[in-house]
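Residue numbers (mature numbering (1 follows the signal peptide of the UniProt record, and there is no 0)): -25 to -1, 1 to 243.
From the three backbone atoms N, C-alpha and C, an ideal C-beta is built for every residue, glycine too.
All values reported here derive from a predicted model rather than from experimental measurement.
A quick write-up on the structure given underneath.
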C-alpha cells in the first residue's frame, strides 16, 4: 500500500522546503526497543538534536512496509525542527517486509485482530512518553500520524480512547471491528483520503457514520484526483491505485501541520 506525478509550481516548492533540513540541523535517528507479550519491537526516535526547545511528540506508523530507510527519511522530513517522532514498529523486530507480498503477510494478523493492533500502538504511545526523559518532548502536546496501514493503526489508537491531542491519517484504511468505539475517542481526528482511491473509497460511508458518534472535533478530507499512497514518494508507477501525487502530498502535509498547531495551542 505505497504510491507519480511531476513536481510543479507551489507543490514542488513546499515539498522542497519540507524535505530539505536547514544546514545547521542535526537529525537523530535513535533505535528504540521494547517488549510486548514476549515479542521484541524495534522502532526509531527521530528529531533535530540541534534544537533544545521541547516540542510536540508524534507516534508515526508507516505504511505496510514498516520501519525501513524510506520511512526513516520520511520521519526526518516531517519532524524537521518541529516534532519528535517515534517511527513505530508494529510487526516485531524480526519482521521487515522486502516486498508487497511480505507486507501483506505482516499486516494481515493485525487487521484481523484489532485488539492486538490497538495494544501494540498504545504500547508505542507509552514508549514515546517514556522518551521524554532524554528527548525534547513536550508531554502536553502528543499526537499520532499514520500512512496507509499506519492510518488504520492511529485511528485505532484514537478509538482506544488514548489521551492525545490529535490523530492524523493519510490515505489510511478506514475499517473498524467495532464502530461504537468511536464514542471513546478523545483526540481531534483529521483523515485525508483520495477521491479516486478504490482501496478505501468503498468504506467512506461507514466511516462517516462511525465518526458521527465521536464527541471530539473531526474532519474527513477527500482530495480530488488522488488515489491510494499519494504521500509515498517511492510509489512511482504512472498508473494504478498506488501512486505518489506531489500536489496531494503537499496539501495533506500542510493540512496536518495546521491541524496539529491548532490542537497544540488550544487551551484545555
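What is the DSSP secondary structure of residue i, reduced to helix, strand or coil?
i: residue 87; result: coil
i: residue 72; result: coil
i: residue 222; result: helix
i: residue 18; result: strand
i: residue -3; result: Low local confidence applies: a pLDDT of 47 at residue -3 is under 50, so the model's placement there is unreliable, and no value is given.
i: residue 29; result: coil
i: residue 116; result: strand
i: residue 35; result: strand
i: residue 40; result: coil
i: residue 23; result: strand
i: residue 99; result: helix
i: residue 293; result: Here the chain covers residues -25 to 243 and nothing more, so residue 293 does not appear.
i: residue 7; result: strand
State buried or exposed for residue i, treating a residue as buried only when at least 16 other CB atoms are found within 10 Å of its CB.
i: residue 134; result: buried
i: residue 28; result: exposed
i: residue 14; result: exposed
i: residue 10; result: exposed
i: residue 214; result: exposed
i: residue 81; result: buried
Return the Cβ separation of residue i and residue j in integer angstroms, given the expectation that the two are a contact with Cβ distance under 8 Å.
i: residue 36; j: residue 128; result: 4 Å
i: residue 3; j: residue 22; result: 6 Å
i: residue 20; j: residue 59; result: 7 Å
i: residue 186; j: residue 195; result: 7 Å
i: residue 131; j: residue 96; result: 6 Å
Starting from residue i, trace the beta strand (DSSP E) in both directions and tell me its first and last residue.
i: residue 193; result: 193 to 198
i: residue 12; result: Neither: residue 12 is in no beta strand (DSSP E) and is coded neither H nor E.
i: residue 132; result: Run containing residue 132: none in the beta strand (DSSP E); it sits in the alpha helix (DSSP H), 124 to 134.
i: residue 163; result: 163 to 169
i: residue 141; result: 141 to 145
i: residue 60; result: 59 to 62
To the nearest angstrom, how far is it from the Cα of residue i to the Cα of residue j?
i: residue 118; j: residue 212; result: 32 Å
i: residue 237; j: residue 162; result: 13 Å
i: residue 55; j: residue 109; result: 18 Å
i: residue 216; j: residue 231; result: 23 Å
i: residue 221; j: residue 229; result: 12 Å
i: residue 16; j: residue 67; result: 4 Å
i: residue 138; j: residue 113; result: 14 Å
i: residue 244; j: residue 12; result: Outside the shown range of the chain, which is -25 to 243, sits residue 244, and nothing can be said about it.
i: residue 188; j: residue 158; result: 6 Å
i: residue 155; j: residue 191; result: 14 Å
i: residue 145; j: residue 62; result: 15 Å
Identify the continuous alpha helix (DSSP H) that holds residue i and give its terminal residues.
i: residue 49; result: 44 to 54
i: residue 183; result: 179 to 186
Closer than 7 Å to a non-hydrogen atom of the ligand FMN - does that hold for the CB of residue i?
i: residue 121; result: For the ligand FMN, the structure offers nothing, since it holds no ligand at all.
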